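To convert, count from 1 in the sequence shown and add 8; that's the UniProt record's numbering.
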Amino acid sequence: ISRLLYKTGIVVIGAGQAGLSAAYHLKNRGLGIGHGFVILDQSQHPGGAWQYRWPSLTLSTVNGVHDLPGLPFADTIAGTASTVKASTAVPHYFEVYEHTFGLAVYRPVKVKVVCEREGRFRVETDRGFFSAQGIINATGTWETPYIPEYPGAARFQGVQLHTKDYRSADTFQGKHVVIVGAGISAIQLLDEISRVTKTTWVTRRLPVFREGPFGEAEGRAAVAVVEDRVRKGLPPGSVVSVTGLPVTAAIEAMRARGVLDRKPMFSEITETGIRWPDGREQQADVILWCTGFRSSLDHLTPLMLREESGGIAMAGRLATQAAKNPRVHLVGYGPSASTIGANRAGRAAALELIAHLGL
Ligand code: FAD
Numbered sequence: 009i010s011r012l013l014y015k016t017g018i019v020v021i022g023a024g025q026a027g028l029s030a031a032y033h034l035k036n037r038g039l040g041i042g043h044g045f046v047i048l049d050q051s052q053h054p055g056g057a058w059q060y061r062w063p064s065l066t067l068s069t070v071n072g073v074h075d076l077p078g079l080p081f082a083d084t085i086a087g088t089a090s091t092v093k094a095s096t097a098v099p100h101y102f103e104v105y106e107h108t109f110g111l112a113v114y115r116p117v118k119v120k121v122v123c124e125r126e127g128r129f130r131v132e133t134d135r136g137f138f139s140a141q142g143i144i145n146a147t148g149t150w151e152t153p154y155i156p157e158y159p160g161a162a163r164f165q166g167v168q169l170h171t172k173d174y175r176s177a178d179t180f181q182g183k184h185v186v187i188v189g190a191g192i193s194a195i196q197l198l199d200e201i202s203r204v205t206k207t208t209w210v211t212r213r214l215p216v217f218r219e220g221p222f223g224e225a226e227g228r229a230a231v232a233v234v235e236d237r238v239r240k241g242l243p244p245g246s247v248v249s250v251t252g253l254p255v256t257a258a259i260e261a262m263r264a265r266g267v268l269d270r271k272p273m274f275s276e277i278t279e280t281g282i283r284w285p286d287g288r289e290q291q292a293d294v295i296l297w298c299t300g301f302r303s304s305l306d307h308l309t310p311l312m313l314r315e316e317s318g319g320i321a322m323a324g325r326l327a328t329q330a331a332k333n334p335r336v337h338l339v340g341y342g343p344s345a346s347t348i349g350a351n352r353a354g355r356a357a358a359l360e361l362i363a364h365l366g367l
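This is the structure we're talking about:
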């Protein structure tokens with residue numbers, strides 16, 4: 009890309025599941041790369057956030073990666089699911105996908121800010137500027153880890169990490185690790201770390217284990233709850249708050265080992281550990297915050313899409329369209345923050361935006 013202003017129809021920001029799905033449908037409807045649309049991604053390589061997942065996350069421990077349109081994931085996997093790392097298999101799939109459908113992604117290109125100028129969007133990147141009629145934002149959440157604030161955090165002399173920093177349980181050997189969070193990542197990391205060292209598991213609310221199956225109907229119901237929230241302009245909320253924690257064989261085994269011993273949230277962090285409101289303390293070397301992510305949307309701040317509640321009011325068939333600016337679609341946000349949701353949202357956003365802009 010040159011440093012000059014480059015004019016295009018639609019800028020797709022992010023080339024994870026959501027961005028690639030949108031790009032596939034834009035191209036399928038006859039838009040060419042360049043004048044019709046461009047795809048920008050700040051990562052060096054294909055794979056969206058999957059390329060950064062911890063090495064022990066394999067295709068048998070993820071919930072499941074949905075196929076992108078037109079090419080089954082299974083056709084690109086070498087090896088058995090229990091051993092194949094998600095951090096290599098999914099990026100390989102995306103790379104093959106980009107090649108197969110001629111979806112040239114400009115990378116690494118970081119979008120710094122998007123604003124409106126004379127009826128068009130001006131997209132400022134670290135490699136030049138774009139001028140576009142519409143935006144499909146697909147920047148995910150990985151760049152925006154969330155850690156809640158607790159008094160004393162700055163005093164703690166141990167190490168504080170977020171899920172995003174986790175590589176392997178072995179690095180914690182001989183240390184006492186406090187794991188914070190009630191989501192799937194918290195449980196998975198607790199499982200791994202509790203095998204090699206002492207752990208304390210704390211959660212703000214009682215974890216909600218889901219004993220029954222989680223089929224299509226349950227999935228649709230969970231999505232409907234989040235969709236309803238974002239249509240009202242509320243922040244989407246955490247995944248586990250609507251899906252619960254599925255009781256897998258791994259969770260049964262953790263129960264049997266006695267590691268699912270949940271403690272309530274502490275009220276304070278001390279120099280050497282954590283303290284509960286009743287004064288009890290636990291010494292700790294590491295606090296691992298498995299407290300989730302927020303949508304990475306800071307670059308859209310000048311568009312003023314947010315409500316006072318902090319959420320973004322969404323409209324459109326699958327709630328991908330920003331109600332305050334119908335030429336901006338957010339995919340992989342709220343109800344589409346899963347691989348299956350991102351897939352559907354990509355299609356809806358592409359078709360609606362093409363129709364809206366008359367491209
Ligand atoms: P991402 O894959 O995060 O892609 C976003 C892309 O945008 C990245 O490539 C990034 O480089 C780029 N980007 C970000 N900011 C900028 C910028 N400013 N400028 C340019 N580029 C930018 N979902 C499932 O369905 N099944 C699972 O098993 C599952 N497991 C998960 C496990 C973990 C640990 C996590 C955190 C999530 C998991 N999810 C799972 C959720 C799922 O990963 C995402 O919802 C889904 O992959 C959608 O991806 P995306 O395209 O929205 O975002």
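A virtual CB, placed ideally from N, CA and C, is assigned to each residue, including glycine. Since the model is a prediction, treat every value here as computed from it, not as a measurement.
In chain order, which continuous runs of the beta strand (DSSP E) of length 3 or greater are located wholly inside the region 287-346? With a minimum length of 3 residues, the continuous beta strand (DSSP E) runs that stay inside the region 287-346 are 289-291, 294-297 and 336-338.
In angstroms with no decimal places, state the Cα-to-Cα distance between Val20 and Pro243. Rounded to the nearest whole angstrom, the C-alpha separation of Val20 and Pro243 is 23 Å.
Span of the alpha helix (DSSP H) around Leu198: For Leu198, the enclosing alpha helix (DSSP H) covers residues Ile192 to Ile201.
What would DSSP say about Gln141, mapped onto helix, strand or coil? Looking at Gln141 - three-state DSSP - the assignment turns out to be strand.
State the start and end residues of the unbroken alpha helix (DSSP H) segment that holds His33. Per DSSP, His33 is one residue of the alpha helix (DSSP H) stretching across Gln25 to Asn36.
Rounded Cβ spacing between Ser202 and Thr171 (contact assumed at less than 8 Å): With 8 Å as the limit, Ser202 and Thr171 do not qualify as a contact, their Cβ atoms being about 16 Å apart.
Residue from Gly44, Gly55 and Thr149 whose Cα sits closest to the Cα of His107: Per the Cα distances, Gly55.
Under three-state DSSP, which class holds Leu48? Correct three-state label for Leu48: strand.
Give the secondary structure of His364 by DSSP, where H, G and I count as helix, E and B as strand, and everything else as coil. Helix, per DSSP.
Could you work out which residue in Asp286, Ala323, Thr133 and His307 is closest to Arg115 when comparing CA atoms only? Residue Thr133 is the option with its Cα nearest to Arg115.
Determine the DSSP secondary structure at Pro99, reduced to helix, strand or coil. In the structure shown, Pro99 adopts helical secondary structure according to DSSP, grouped into three states.
Where do the ends of the alpha helix (DSSP H) carrying Gly40 lie? That residue, Gly40, is in no alpha helix (DSSP H); it is neither H nor E in DSSP.
Reducing DSSP to helix, strand and coil, say where Gln165 ends up. Correct three-state label for Gln165: coil.
Ordered along the chain, which non-local residues of its own chain (more than five positions away) have a Cβ less than 8 Å from that of Tyr158? Counting only Cβ-Cβ distances below 8 Å, and skipping sequence neighbours, we find Phe274, Ser275, Glu276 and Ile277.
Tell me, please, which residues DSSP counts as bridged to Ile187. DSSP output for Ile187 lists Trp209 and Leu296 as bridge partner(s).
So does Gly110 have its beta carbon nearer than 7 Å to some heavy atom of the ligand FAD? Answer for Gly110: no, Cβ out of range of the ligand FAD.
Is it buried or exposed, Glu126, if we count other Cβ atoms within 10 angstroms and call 16 or more buried? It counts as exposed.
Local Cβ density within 10 Å of Tyr101, reported as buried at 16 or more and exposed below that: The residue is buried, with at least 16 neighbouring Cβ atoms inside 10 Å.
Report whether the distance from the Cβ of Arg130 to the nearest heavy atom of the ligand FAD is below 7 Å. No, Cβ of Arg130 sits at least 7 Å from all heavy atoms of the ligand FAD.
Between Ala264, Thr211 and Ala232, which has its C-alpha nearest Thr251's C-alpha? Distance check between Thr251 and each of Ala264, Thr211 and Ala232 places Ala232 closest, using alpha-carbon atoms only.
Candidates Asp173, Ile187, Ser95 and Pro156: closest to Thr205 by CA position: Checked all of Asp173, Ile187, Ser95 and Pro156; the closest Cα to Thr205 is Ile187.
Does the separation of the CB atoms of Met312 and Gly342 fall below 8 Å? Note that the C-beta distance between Met312 and Gly342 is not below 8 Å.
Identify the continuous beta strand (DSSP E) that holds Val70 and give its terminal residues. Per DSSP, Val70 belongs to no beta strand (DSSP E) and is neither H nor E.
Taking buried to mean at least 16 other C-beta atoms within 10 Å of its own C-beta, is Glu360 buried or exposed? Buried, by the Cβ-count rule.
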